[in-house]
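Take the sequence shown: its position 86, counting from 1, is numbered 86 in the numbering used here, and each next residue is one higher.
Working notes for the structure below.
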Amino acid sequence: MIDATHDPARRSWVTSANGHDEFPIQNLPFCVFSRSNATPRIGVAIGDEILDLGALAKAGVIDASLAPACSETTLNALFATPPEARGALRQTLSAILDETAKQHAEWLTKAADCVFHLPARIGDYTDFFAGIHHATNTGRQFRPDNPLLPNYKYVPVAYHGRASSVIVSGQAVRRPNGQRKPASETVPSFGASRNLDYELELGIWVGPGNALGTPVPIADAASHIAGFSLLNDWSARDIQGWEYQPLGPFLAKNFATTISPFVVTPEALAPFRIPQAPRPEGDPAPLPHLFDAADQALGAFAITLDVLLLTPTMRATGAAPMLLARSNTSHLYWTVAQMLAHHASNGCNLMPGDLFGSGTISGPTPESYGSLLEITAGGRQPLSLSSGETRRFLEDGDEVIFRAHAAREGYVSIGFGECRGVILPAPAIP
Ligand code: CA
Numbered sequence: 001m002i003d004a005t006h007d008p009a010r011r012s013w014v015t016s017a018n019g020h021d022e023f024p025i026q027n028l029p030f031c032v033f034s035r036s037n038a039t040p041r042i043g044v045a046i047g048d049e050i051l052d053l054g055a056l057a058k059a060g061v062i063d064a065s066l067a068p069a070c071s072e073t074t075l076n077a078l079f080a081t082p083p084e085a086r087g088a089l090r091q092t093l094s095a096i097l098d099e100t101a102k103q104h105a106e107w108l109t110k111a112a113d114c115v116f117h118l119p120a121r122i123g124d125y126t127d128f129f130a131g132i133h134h135a136t137n138t139g140r141q142f143r144p145d146n147p148l149l150p151n152y153k154y155v156p157v158a159y160h161g162r163a164s165s166v167i168v169s170g171q172a173v174r175r176p177n178g179q180r181k182p183a184s185e186t187v188p189s190f191g192a193s194r195n196l197d198y199e200l201e202l203g204i205w206v207g208p209g210n211a212l213g214t215p216v217p218i219a220d221a222a223s224h225i226a227g228f229s230l231l232n233d234w235s236a237r238d239i240q241g242w243e244y245q246p247l248g249p250f251l252a253k254n255f256a257t258t259i260s261p262f263v264v265t266p267e268a269l270a271p272f273r274i275p276q277a278p279r280p281e282g283d284p285a286p287l288p289h290l291f292d293a294a295d296q297a298l299g300a301f302a303i304t305l306d307v308l309l310l311t312p313t314m315r316a317t318g319a320a321p322m323l324l325a326r327s328n329t330s331h332l333y334w335t336v337a338q339m340l341a342h343h344a345s346n347g348c349n350l351m352p353g354d355l356f357g358s359g360t361i362s363g364p365t366p367e368s369y370g371s372l373l374e375i376t377a378g379g380r381q382p383l384s385l386s387s388g389e390t391r392r393f394l395e396d397g398d399e400v401i402f403r404a405h406a407a408r409e410g411y412v413s414i415g416f417g418e419c420r421g422v423i424l425p426a427p428a429i430p
């Protein structure tokens, strides 16, 4: 899967791409963008510019079989194309952006002048729970002696989230009102969440779907994944703690989920695939329908994930956002192929543009925890910030920023762009 498009020596005539921290020519993530309120178009990030795929299709430089999908206003049709066609498009894009190719400045738009939109019409959104350190840390708060429930190492646990409130990076998040019942109170009250949190997750975009009633074999599962973004599963912990039994998350989660606008393809991530970490001694092997030797050998990713916080005080003083945690996708207990195969194992039909969250990706130590729930031990140990402030949970005006990079010696590092959202005060209670 590694080819000339990953060649570290390859450079682009888009000079800002050469040495770019996020979008060198080796990356080429898809996005949906617009300028000056024009109709959204499909683009590819290259350095500080966006390459207009619709313009390329019109100019006839994209294969006729893919030109219609590239001329759409969302990525759904492109996601529906098989990996081979997507790979061929990557070859075309890499070739026309190569520094030896003819320059076409008319196909470029400065990213700084663009508005970015949700990459796809999201039919369904599913949130997994595959970060085992997060599952252990949060489970321990409820069951100190038995943090992981017996199903965890057999089932890639998940719940159905809500697609309508998935928003794109940069859009503000309104603090939710809801029922809160701390242990100190006997009855719940309705009001603004006091324990608003983020969850650091990998977003997984479903590519070609499967027919209702037709499971996806684990060996084929990776070919049904079209790409990856960063995902913030905003969580109101006080609402969650009261409402979640017995059916799981509901209003504590579905008020907003933020996604980064760039879709990094499986092809771009090929050099950064790593073996799935061996299961600890004593853990059960995955059941056969979730086990594939090739997936175990190369189904995980080496992607560093950062969480940063920018408070109103930091913003006012011109201070840089503070790094709260650095984690890595290698901490996922299940591969993305196992998540997808499990999701379809009962015949559930997945559709191009469906979105998965991986589950919060925490590492084993506090500086790698992917939520404030873990960092502050449920709010009991406030976090000291570089600005001299403290936080139990998020305050109004706080902005949470995720960044991610894949790196491997001998290859050019690629980034995901940012996933950010600022917290607005809760709406007035009528
Ligand atoms: Ca989550």
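No residue lacks a Cβ here, since even glycine has one placed at the ideal position from N, Cα and C.
None of these values were measured; they are calculated from a predicted model.
Our two residues, P364 and D145, have alpha carbons roughly 18 Å apart in a direct line. Secondary structure at R175: coil, using DSSP grouped into helix, strand and coil. Exclusion of the five residues before and after N27 leaves A268 and I414 as the residues of its chain whose Cβ lies within less than 6 Å of its Cβ. Rounded to the nearest whole angstrom, the CA to CA distance from V307 to A130 is 18 Å. N76 and E389 have their alpha carbons spaced roughly 43 Å apart.
By DSSP's assignment, I42 forms a beta bridge with V32. For the pair I361 and S327, the CB atoms are nearer than the 8 Å cut-off. For A344, there is no enclosing beta strand (DSSP E); the enclosing alpha helix (DSSP H) has its first and last residue at V336 to A344. Each of D127, E199 and D233 has a C-beta closer than 5 Å to some heavy atom of ligand 1; these make up the full list, in chain order.
When beta bridges are read from the DSSP output, H405 appears opposite T304 and G415. For L310, the CB contacts under 6 Å within the same chain, skipping 5 residues up- and downstream, are P321 and E399 in chain order. Under the three-state reduction of DSSP output, A428 falls in the coil class, being neither helix nor strand. Residue environment: V168 is assigned as buried (16 or more neighbouring CB atoms within 10 Å of its CB, all protein chains considered). Closest by C-alpha distance to A211, out of T265, A80, S71 and L247, is A80. For H160, the enclosing beta strand (DSSP E) covers residues A158 to H160.
Taking L93 as reference, the option from P24, L424, P382 and S368 with the minimal CA-CA separation is P24. Around the beta carbon of T317, fewer than 16 other beta carbons lie within 10 angstroms, which makes this residue exposed. Straight through space, the alpha carbons of P246 and A4 are spaced by roughly 52 Å. For S229, the uninterrupted beta strand (DSSP E) segment begins and ends at I225 to N232. If you draw a straight line from the Cα of T15 to the Cα of R315, it comes to about 31 Å. Between Q179 and W242 the beta-carbon gap is near 6 Å, inside 8 Å, which marks them as a contact. Within the model, the alpha-carbon separation for R174 versus G357 is close to 21 Å.
Here DSSP, grouped into helix, strand and coil, assigns S12 to strand. Counting C-beta pairs closer than 8 Å gives three or more between the stretch 345-355 and the stretch 201-216, which meets the contact rule. Residue pairing by DSSP leaves L298 without any beta bridge partner. Here M322 carries a strand assignment [DSSP, helix/strand/coil]. Annotation for A300: R273, I274, P275, Q276, A277, T329, S330, L332 and T335 place their beta carbon closer than 8 Å to its own, counting only its chain and skipping 5 residues before and after. Rounded to the nearest whole angstrom, the CA to CA distance from P366 to A325 is 8 Å. With contacts defined by Cβ atoms closer than 8 Å, L196 and L394 form a contacting pair.
Annotation for W242: the continuous alpha helix (DSSP H) segment containing it runs R237 to E243.
Taken atom to atom, the span from the alpha-carbon of V115 to that of F33 is near 6 Å.
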